[in-house]
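Trainee: Residue numbers (my numbering), protein chains in the order written: chain U, 3 to 368; chain G, -10 to 372. Just dropping this structure here.
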Amino acid sequence: MTTIDRRPTPVTSIAHHTMPQPGPIARLFEPRRIGKMSPMTAFVVYGGLLFWTVIVVFPLYWLLVTSVKLPIDVNEGPRYLPFIDFQPSAHAWRYVFIDIGGDTFRPYVNSLIIATVSTVLAMLVGSMAAYALVRIEYRPSLGSIVMFLACLAAAIVAVVAAGVPWWIAAVGLVAVFLLLLRAIGRRFQRRLGNADIQFWIISQRILPPVVVALPIYVMFQNLGLLNTRTAFIITYATINLPIVVWLMHDFFASIPIDLEESAQLDGASRYRIFFDIVLPLAKPGIAATGLLVLVLAWNEYLLALFLSGADVQTMPLLVAAQNATRGPQWWYMSVLIVIMIVPVVTIALFLQRLIARGLLVGSVKG
Amino acid sequence: MTAAPADRDTVGPSVGRRARFEEWAERQASLVFILPATLVILGFSLFPLLVSAYLAVSRFRLGPGGFELSFVGFANFRKLLFGSEQFHFLGRLEALGPLSWAVLIGVAALLGWWLARAYRNPKTGVIGKVGRTITATVALGLTALTLTTTLAGGAFGSLMTTLFYVVVGCTLQFLIGLGLAILCAQPIVGRNVFRILFFIPVMVTPVGIAYAFRMLADMSRGPLAPIWSAFGLGELSWAADPWAARMVVVIGDSWQWVPFIFIVLLAALENQPREQLEAAQLDGASGWQTFRDVSWPAIAPTAATVMLIRIIEAFKIIDLPNVLTNGGPGIATESMTLHSFFAWRTQDLGGSAAVAYMLLFVSVVISVSFFHFVVRRARREHL
Chain U
3 MTTIDRRPTP
13 VTSIAHHTMP
23 QPGPIARLFE
33 PRRIGKMSPM
43 TAFVVYGGLL
53 FWTVIVVFPL
63 YWLLVTSVKL
73 PIDVNEGPRY
83 LPFIDFQPSA
93 HAWRYVFIDI
103 GGDTFRPYVN
113 SLIIATVSTV
123 LAMLVGSMAA
133 YALVRIEYRP
143 SLGSIVMFLA
153 CLAAAIVAVV
163 AAGVPWWIAA
173 VGLVAVFLLL
183 LRAIGRRFQR
193 RLGNADIQFW
203 IISQRILPPV
213 VVALPIYVMF
223 QNLGLLNTRT
233 AFIITYATIN
243 LPIVVWLMHD
253 FFASIPIDLE
263 ESAQLDGASR
273 YRIFFDIVLP
283 LAKPGIAATG
293 LLVLVLAWNE
303 YLLALFLSGA
313 DVQTMPLLVA
323 AQNATRGPQW
333 WYMSVLIVIM
343 IVPVVTIALF
353 LQRLIARGLL
363 VGSVKG
Chain G
-10 MTAAPADRDT
0 VGPSVGRRAR
10 FEEWAERQAS
20 LVFILPATLV
30 ILGFSLFPLL
40 VSAYLAVSRF
50 RLGPGGFELS
60 FVGFANFRKL
70 LFGSEQFHFL
80 GRLEALGPLS
90 WAVLIGVAAL
100 LGWWLARAYR
110 NPKTGVIGKV
120 GRTITATVAL
130 GLTALTLTTT
140 LAGGAFGSLM
150 TTLFYVVVGC
160 TLQFLIGLGL
170 AILCAQPIVG
180 RNVFRILFFI
190 PVMVTPVGIA
200 YAFRMLADMS
210 RGPLAPIWSA
220 FGLGELSWAA
230 DPWAARMVVV
240 IGDSWQWVPF
250 IFIVLLAALE
260 NQPREQLEAA
270 QLDGASGWQT
280 FRDVSWPAIA
290 PTAATVMLIR
300 IIEAFKIIDL
310 PNVLTNGGPG
320 IATESMTLHS
330 FFAWRTQDLG
340 GSAAVAYMLL
350 FVSVVISVSF
360 FHFVVRRARR
370 EHL
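Spelled out as structure tokens, the structure:
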């Protein structure tokens, strides 16, 4: 290219273009060079991007300015700019942080603990399963699975309809299943593979949470765990498990197997290989998946509606309840929403770096 | 790993037991890795699913010293489909006019032709035939329901409202997300800044979004009030109009979910082979031609998959309608999840479980159909 450009005669450069020089209007629609945009395209592209930037930023901006408004500034029509349209005031912030500080911080701390612990649990259990599905071959027989489901259904009917205590039913379920497995387990021929197990785990996402919310509520009631953080932690870890398995599966699959094989030859156990070699290699994947799951647990609303009581409330519930208790007091509500979304927006900035590198997205290609 | 031989040297008589334990643990490793996840999912998905099924066919009554459940068969479902809850679940049904009948017969003919073709094809197995029959039946039923609740002058129930959120919301989000991804894939300055900005809404708490949009949509005191009053709409209340209220929910939902589709499609566009694009541009292909013939085939499989995920999640919507409108006006914005939640709150556990099961049925049929007839096809044709 450079040699052609340096040629002194203008003839070659015209021959290079082959087309006649476009007029001034047409030039607006012609890119100057391959890989560049024409001025008109650039106008449309930047215009569209700026338009959407406004749409994304404005609701967040409005929350922020509403949080520093006095009630009168909200009620007397829209006022847009602090210091110009209205005098900002920290009264709502003072009220939320100091006057009712305890009522704000308890749900906040609850949310923090529940989101973090459930994420750690989901990541641990999910990563182990995902890794096992990549590296170990499983061949459960179809017949024994059907048999287990039948036993489970029988146990549930026994508990719900016949009033058998649940722990007796659980022990009976396991005992009968193991006996049956001993007796007729060898006859089952059709077997499932890893892909089936993985599909089964991921397909749990199709399940609308409202279908399982009610029995989970009853289950925790029976266990005496209703209205505790433990109930939230266990539930959130479980509902996010499919996402962890799905995303981590791809990260583990992309790790070359050679390292693990040589470690195995050195006599390292599977546990050791997993925790000392594989997990450190999968760090970017763990970070991306973990942050995503953390945000999902932080924002969760439906199951919190079922599980929470007077003692344990999470932030989404506190925010949602603002309307019911005192009518829409937008200034307090905005403060609560702002302190609730600051952590997730920060996480979004971190997560974005990982996403830009094409992580998370690879698994969508399927 | 270097520690392993050292261990063997230092440990004395207990070495046998410890080694035996390690050997045993190593043999069980394959179980230890997968069992926690399996048990947890069994306990929190499969077990509740079965309990829910049981609740859906029983009536729940608070009695002295607890509650009692009595088996009522399909009474809960009958109530939703034909009985006192029909207006709530299916909507207010009106007799079809001539135009609606024409549309319905047209759709039925199309589905019949599609089914007949599949049945005559020797490659279609038993599962394929059953699956297609279910898909066609559900599609026909939903078409009839759409016609009777819109063209014939009826009103939406929670089923149609949920489908409205899914169909209109997902379409809108896909179009905007794709548009933004195409804009961002151009050779622009500051692509990463836009990418970060556009990604943020998907992380924001839905409950917070709902309140933010309630403020924004306030037509007399919200930020857009001058625009509304310029059009003489300042006194109008969107919250009292079923369609306006549903649209506000869809707009809030779209604000949140466009980023998800955008970020995935942008990555797909950036990953497409550069040479083909440049070759097309050198050949003088227009932007539209380049997109249709080069970019779209490259991103179609990803687009289909991301839409599948979005559709699955869209069926679960509850936060926005609950906080924005509390399901109102009347039941106009009530999604099925919200319907189920309201039923639970009034101690109607059987009814609640029945609605939840209907939601499960509809979302599974639509997601699986979408997977088979859109995602698979996209992958087959474009890979």
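Ideal Cβ positions, reconstructed from N, Cα and C, are used throughout, including at glycine. Fair warning: this is a prediction, and the values are worked out from it, not measured in the lab.
Could you pull out every residue in the same chain whose Cβ sits closer than 6 Å to the Cβ of G/R368, ignoring the five residues on either side in sequence?
Mentor: On the second sequence, position 379 is the one that residue 368 of chain G refers to. Contacts found: P290.
Trainee: Applying the criterion that 16 or more other CB atoms from any shown protein chain within 10 Å of the CB defines a buried residue, is U/V344 buried or exposed?
Mentor: Here residue 344 of chain U refers to the residue found at position 342 when the first sequence is read from its first residue. Answer is exposed; the Cβ neighbour count stays below 16.
Trainee: From U/A171 to U/L154, what distance separates their C-alpha atoms?
Mentor: Taking the first residue of the first sequence as position 1, residue 171 of chain U is located at position 169. Taking the first residue of the first sequence as position 1, residue 154 of chain U is located at position 152. Cα to Cα, U/A171 sits roughly 9 Å from U/L154.
Trainee: Determine whether the beta carbon atoms of U/L353 and U/L305 lie at a separation below 8 Å.
Mentor: One-based indexing of the first sequence puts residue 353 of chain U at position 351. One-based indexing of the first sequence puts residue 305 of chain U at position 303. Cβ atoms of U/L353 and U/L305: not closer than 8 Å.
Trainee: From the beta carbon of G/V380, is the nearest beta carbon of chain U less than 8 Å away?
Mentor: The shown model of chain G, from -10 to 372, leaves out residue 380 of chain G, and the question about it has no answer.
Trainee: Cβ closer than 9 Å: which chain G residues qualify as neighbours of U/T237?
Mentor: Walking along the first sequence from the start, residue 237 of chain U turns up at place 235. Chain G residues near U/T237: F33.
Trainee: Do G/A229 and G/P318 have their C-beta atoms within less than 8 Å of each other?
Mentor: Against the second sequence, residue 229 of chain G aligns to sequence position 240. Against the second sequence, residue 318 of chain G aligns to sequence position 329. Yes. Within cutoff.
Trainee: For my contact list, U/Q200 and U/V247 are in at a C-beta cut-off of 8 Å; report their separation, rounded to the angstrom.
Mentor: Numbered from its first residue, the first sequence carries residue 200 of chain U at position 198. Numbered from its first residue, the first sequence carries residue 247 of chain U at position 245. Their Cβ separation, rounded to whole angstroms, is 7 Å, which keeps U/Q200 and U/V247 in contact under 8 Å.
Trainee: Quick check on G/R366: buried or exposed, where buried means 16 or more other Cβ atoms within 10 Å of its Cβ?
Mentor: In the second sequence, the residue the question calls residue 366 of chain G occupies position 377. The residue in question, G/R366, is exposed, as its Cβ has fewer than 16 Cβ neighbours within 10 Å.
Trainee: Thinking just about the alpha-carbon of each residue, which of G/L164, G/L20, G/V253 is nearest to the one in U/L356?
Mentor: For the purposes of this step, residue 356 of chain U is identified with residue 354 of the first sequence, where counting begins at 1. Among G/L164, G/L20, G/V253, the Cα nearest to that of U/L356 belongs to G/V253.
Trainee: Which chain U residues sit within Cβ distance under 7 Å of G/M192?
Mentor: If you number the second sequence from 1, residue 192 of chain G lands on position 203. Ordered by position in chain U, the residues that pass the 7 Å Cβ test against G/M192 are V297, V346, V347, I349, A350.
Trainee: Is it a yes or a no for the stretch 204 to 224 of chain U touching the stretch 25 to 35 of chain G, going by three-plus beta-carbon pairs under 8 Å?
Mentor: Yes: at least three Cβ pairs fall under 8 Å.
Trainee: Mind checking U/T348: buried by the 16 CB within 10 Å criterion, or exposed?
Mentor: In the first sequence, counting from the first residue as 1, residue 348 of chain U sits at position 346. Exposed: under 16 other Cβ atoms inside 10 Å.
Trainee: What's the gap between the Cα of G/R48 and the Cα of U/V161?
Mentor: Against the second sequence, residue 48 of chain G aligns to sequence position 59. Against the first sequence, residue 161 of chain U aligns to sequence position 159. Between G/R48 and U/V161, the C-alpha separation is close to 16 Å.
Trainee: Using CA coordinates, which residue listed in G/L82, G/R210, G/C159 is at the minimum distance from G/V136?
Mentor: Taking the second sequence and counting its residues from 1, one reaches residue 136 of chain G at position 147. Residue identity check: residue 136 of chain G is Leu in the sequence provided, not Val. With distances taken between Cα atoms, G/L136 lies closest to G/L82.
Trainee: Does any C-beta atom of chain U lie closer than 8 Å to the C-beta of G/P87?
Mentor: As a working mapping, residue 87 of chain G is identified with position 98 in the second sequence. No, G/P87 lies away from the interface with chain U (no Cβ there is under 8 Å from its Cβ).
Trainee: Let me know if U/D75 comes out buried or exposed under the rule of 16 or more other beta-carbons within 10 Å of its beta-carbon.
Mentor: Sequence index remark: in the first sequence, residue 75 of chain U carries index 73 (1-based). Classification of U/D75: buried, given that the 10 Å Cβ count is 16 or more.
Trainee: Classify G/S275 as buried or exposed, calling it buried when 16 or more other Cβ atoms lie within 10 Å of its own Cβ.
Mentor: Walking along the second sequence from the start, residue 275 of chain G turns up at place 286. By the 10 Å Cβ count, G/S275 comes out exposed.
Trainee: Using only the alpha-carbon positions, how far apart do U/L83 and U/A290 sit?
Mentor: Indexing the first sequence from 1 puts residue 83 of chain U at position 81. Indexing the first sequence from 1 puts residue 290 of chain U at position 288. Cα to Cα, U/L83 sits roughly 37 Å from U/A290.
Trainee: At least one CB of chain U closer than 8 Å to the CB of G/M149: is that the case?
Mentor: Walking along the second sequence from the start, residue 149 of chain G turns up at place 160. Output row for G/M149: interface = no.
Trainee: Using the Cβ count rule (16 or more neighbours within 10 Å means buried), how would you classify G/S356?
Mentor: On the second sequence, position 367 is the one that residue 356 of chain G refers to. Buried is the call here.
Trainee: Buried or exposed: which applies to G/T126, given that a residue is buried once 16 or more other Cβ atoms fall within 10 Å of its Cβ?
Mentor: The residue given as residue 126 of chain G occupies position 137 in the second sequence. Exposed.
Trainee: Apart from the five residues just before and just after G/H328, which ones in its own chain have a Cβ nearer than 6 Å to its Cβ?
Mentor: Within the second sequence, numbered from 1, the residue matching residue 328 of chain G stands at position 339. For G/H328, where only same-chain residues beyond five positions count, the Cβ hits under 6 Å are S147, V344.
Trainee: Since U/V346 and G/T326 are thought to touch, with beta carbons under 8 Å apart, how far apart are those beta carbons, to the nearest angstrom?
Mentor: If you number the first sequence from 1, residue 346 of chain U lands on position 344. If you number the second sequence from 1, residue 326 of chain G lands on position 337. Between G/T326 and U/V346 the Cβ distance is about 22 Å, and since that is not below 8 Å, they are no contact.
Trainee: Under 8 Å, with one C-beta from each stretch per pair, do the stretch 277 to 286 of chain U and the stretch 290 to 303 of chain G reach the 3-pair mark?
Mentor: Because the criterion of three Cβ pairs below 8 Å is not met, the stretch 277 to 286 of chain U and the stretch 290 to 303 of chain G do not touch.
Trainee: For G/T314 and G/A234, which I take to be in contact (beta-carbon distance under 8 Å), what is that distance rounded to the nearest angstrom?
Mentor: Your numbering for residue 314 of chain G matches position 325 in the second sequence. Your numbering for residue 234 of chain G matches position 245 in the second sequence. That pair is a contact at about 5 Å.
Trainee: According to DSSP, is U/M3 helix, strand or coil?
Mentor: For the purposes of this step, residue 3 of chain U is taken as the residue at position 1 of the first sequence. The predicted position of U/M3 is uncertain, since its pLDDT is 39 and thus under 50; a value taken from the coordinates is nonetheless stated next. Correct three-state label for U/M3: coil.
Trainee: Counting contacts by CB-CB distance shorter than 8 Å, is U/Y2 in contact with chain G?
Mentor: One cannot answer for residue 2 of chain U here, as it falls past the ends of chain U, which runs 3 to 368.
Trainee: Just checking, does the stretch 312 to 320 of chain U make contact with the stretch 110 to 117 of chain U on the three C-beta pairs under 8 Å criterion?
Mentor: As far as the Cβ criterion goes, the stretch 312 to 320 of chain U touches the stretch 110 to 117 of chain U, which means the pair count is three or higher.
Trainee: What do you reckon, are the CB atoms on U/S120 and U/A239 nearer than 8 Å?
Mentor: Taking the first sequence and counting its residues from 1, one reaches residue 120 of chain U at position 118. Taking the first sequence and counting its residues from 1, one reaches residue 239 of chain U at position 237. Yes.
Trainee: Can you grab the Cα-Cα spacing for the pair U/S146 / U/G195, in whole Å?
Mentor: Counted from its first residue, the first sequence places residue 146 of chain U at position 144. Counted from its first residue, the first sequence places residue 195 of chain U at position 193. About 14 Å.
Trainee: As an exercise, report each continuous alpha helix (DSSP H) stretch of at least 4 residues that is fully enclosed by the stretch 106 to 173 of chain G, in chain order.
Mentor: Taking only runs of at least 4 residues, the alpha helix (DSSP H) segments lying wholly in the stretch 106 to 173 of chain G are 115 to 138, 147 to 153.
Trainee: So, G/F22 versus G/V46, is the Cβ gap smaller than 8 Å?
Mentor: Residue 22 of chain G sits at position 33 when you count from the first residue of the second sequence. Residue 46 of chain G sits at position 57 when you count from the first residue of the second sequence. Going by C-beta atoms, G/F22 is not nearer than 8 Å to G/V46.
Trainee: For the alpha helix (DSSP H) that G/L20 lies in, which residues bound it at each end?
Mentor: Start at 1 with the first residue of the second sequence, and residue 20 of chain G comes out as number 31. Taken as a continuous stretch (DSSP letters only), the alpha helix (DSSP H) holding G/L20 covers 18 to 30.
Trainee: Who are the neighbours of G/Q162 on chain U, taking C-beta pairs under 9 Å?
Mentor: As a first step, residue 162 of chain G is located in the second sequence; it is residue number 173 there, counting from the start. Within chain U, no residue comes near G/Q162; the closest Cβ sits about 13 Å away, beyond 9 Å.
Trainee: With a CB to CB cut of under 6 Å and the five nearest residues on each side skipped, what residues in its chain are close to G/A257?
Mentor: As a first step, residue 257 of chain G must be located in the second sequence, where it is residue number 268. Around G/A257: I288, T291.
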